[in-house]
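S.K.: Sending over a structure as structure tokens; questions will come in a sec.
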Amino acid sequence: MSYDLLVIGGGINGAGIARDAAGRGLSVLLVERGDLAAATSSASSKLIHGGLRYLEQFEFRLVAEALAEREILLRIAGHLAWPARFVMPHLPGLRPRWAIRLGLFLYDHLARRSLLPGSHAVRLDAPPYSSGLKTQFRHGFVYSDCRVDDARLVVANAVDAAERGARILVGTECLLARRDGVLWHAALSGGVEVRARAIVNAAGPWVKDVLNQRLGQPSRDAVRLVKGSHIVLPRLYAGEHAFILQNDDRRVVFMIPWEEHFTLVGTTDIPVAAPDHAEATQDEVDYLCRAVNRYLERPVAP
Ligand SMILES: Cc1cc2nc3c(=O)[nH]c(=O)nc-3n(C[C@H](O)[C@H](O)[C@H](O)COP(=O)(O)OP(=O)(O)OC[C@H]3O[C@@H](n4cnc5c(N)ncnc54)[C@H](O)[C@@H]3O)c2cc1C
0 MSYDLLVIGG GINGAGIARD AAGRGLSVLL VERGDLAAAT SSASSKLIHG GLRYLEQFEF
60 RLVAEALAER EILLRIAGHL AWPARFVMPH LPGLRPRWAI RLGLFLYDHL ARRSLLPGSH
120 AVRLDAPPYS SGLKTQFRHG FVYSDCRVDD ARLVVANAVD AAERGARILV GTECLLARRD
180 GVLWHAALSG GVEVRARAIV NAAGPWVKDV LNQRLGQPSR DAVRLVKGSH IVLPRLYAGE
240 HAFILQNDDR RVVFMIPWEE HFTLVGTTDI PVAAPDHAEA TQDEVDYLCR AVNRYLERPV
300 AP
């Protein structure tokens, strides 16, 4: 079989690109060696956010684009992405109030926002945001972002791509591909051979392996792999809002309601050598517990 586009990888990038390309009338084959969203795209923090913390790195354009996409996603996939309020307690000695206010003002205004309420200061010593917190926290800020069912969003993209004519093959690995003239010849697991005018390498953390080994394209570029671990704890506070907690290493850690009875806490940010077997270590669990215990009335223990 011959296609315009062969997409390697069935995470959010591969599925989204397949949908987009099929929607433009291209013939598309997507191959995923495991299942859709089996890797990074089902292990995210499940947020659709502009990335408030990237403002500190002056990434205004990146944040503006992400905020605009957030609005689009709410419109086209409102059953999978939903608005949430995020509370940032103010902690003397960490980011000053004026800096948080400035950041949130930019966050509110960098892109058109018609579906979500803006940010404002809140009291943390009274409901609804006092739940779970130490009484010493009195002031904070609340702003809007979205939560998402990350794995279902991948599947929804793949289904829509298929409805637009794309072929989606799970349990199918791209073993090798070589270019011959204007066409790529690819060998897939199961003894299947296909041709494609172009290949999209959407292999996530395996992007370099696919580029160098499977596509035979040597490159000196190093890919910096990091793992970010989450832990799931029995519900730490009442309410559907999330918390964005400042840590003393200048990072932030999220507490997000998880299912009905749990709270998702994350993440860490640890360099790893290889993408396989990424698991949370005891040190990471300790780090996350320490980060939330600074704020929680009832501390959690690893
Ligand atoms: C801890 C953490 C939290 C995050 N939180 C958020 C968040 O809240 N919001 C957000 O928007 N983003 C978040 N991200 C980022 C987001 O999750 C990733 O950017 C995204 O999931 C990457 O998707 P992907 O499709 O590129 O890769 P993946 O989802 O990893 O998909 C790559 C796929 O390629 C397949 N593959 C590899 N080699 C082959 C081959 N030879 N043949 C066939 N298939 C192959 C793999 O099996 C895999 O399924 C987070 C990331 C991390 C690590």
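Heads up: the sequence shown begins at 0 in numbering that gives the first Met the number 0, then just goes up one per residue.
Cβ atoms here follow ideal geometry from the backbone N, Cα and C, with glycine treated the same way.
Just to confirm, are D290 and V153 a CB contact at a threshold of 8 Å?
M.R.: The amino acid at residue 290 is misidentified as Asp; the sequence shows Ala. Their beta carbons are not under 8 Å apart, which means A290 does not touch V153 by this criterion.
S.K.: Since V251 contacts V264 with CB under 8 Å, what's their CB separation in whole angstroms?
M.R.: Incorrect: roughly 12 Å between the Cβ atoms, too far for contact.
S.K.: Does the pairing of the stretch 7-23 with the stretch 164-172 give three or more beta-carbon distances under 8 Å?
M.R.: Because the criterion of three Cβ pairs below 8 Å is met, the stretch 7-23 and the stretch 164-172 touch.
S.K.: Taking just the CA atoms, how far does L35 sit from S26?
M.R.: Distance between the alpha carbons of S26 and L35: 20 Å.
S.K.: DSSP state of T262, grouped into three classes?
M.R.: T262 falls in the strand class under three-state DSSP.
S.K.: Alpha carbon to alpha carbon, how far is N156 from R18?
M.R.: Rounded to the nearest angstrom, the two C-alpha atoms are 6 Å apart.
S.K.: Closer than 7 Å to a non-hydrogen atom of ligand 1 - does that hold for the CB of C173?
M.R.: Answer for C173: yes, Cβ within range of ligand 1.
S.K.: Beta-carbon within less than 8 Å of V206's beta-carbon, same chain only, minus the 5 sequence neighbours each way: which residues are those?
M.R.: The answer, listed in chain order, is N200 and V222.
S.K.: Which of the three DSSP states, helix, strand or coil, is assigned to H229?
M.R.: It is a strand residue.
S.K.: Within a Cβ cutoff of 7 Å, which residues of the same chain sit near S228, ignoring the five residues on either side of it in sequence?
M.R.: G265, T266, T267, A279 and E283.
S.K.: May I ask whether a heavy atom of ligand 1 can be found less than 7 Å away from the beta carbon of R177?
M.R.: R177 Cβ: outside cutoff for every heavy atom of ligand 1.
S.K.: Quick check on the DSSP output: the alpha helix (DSSP H) that includes E64 runs from which residue to which?
M.R.: That run of the alpha helix (DSSP H) goes F59 to I75.
S.K.: Check the C-beta distance from L295 over to L109 and give it rounded, since I have them as a contact under 8 Å.
M.R.: Not quite, the Cβ-Cβ distance comes to about 32 Å (not below 8 Å), so this is no contact.
S.K.: Look at Y106 and L51 and say whether their C-beta atoms are less than 8 Å apart.
M.R.: For Y106 and L51, yes; Cβs fall inside 8 Å.
S.K.: May I have the straight-line CA-CA distance separating L232 from V30, to the nearest angstrom?
M.R.: Taking the straight line joining both Cα atoms gives about 35 Å.
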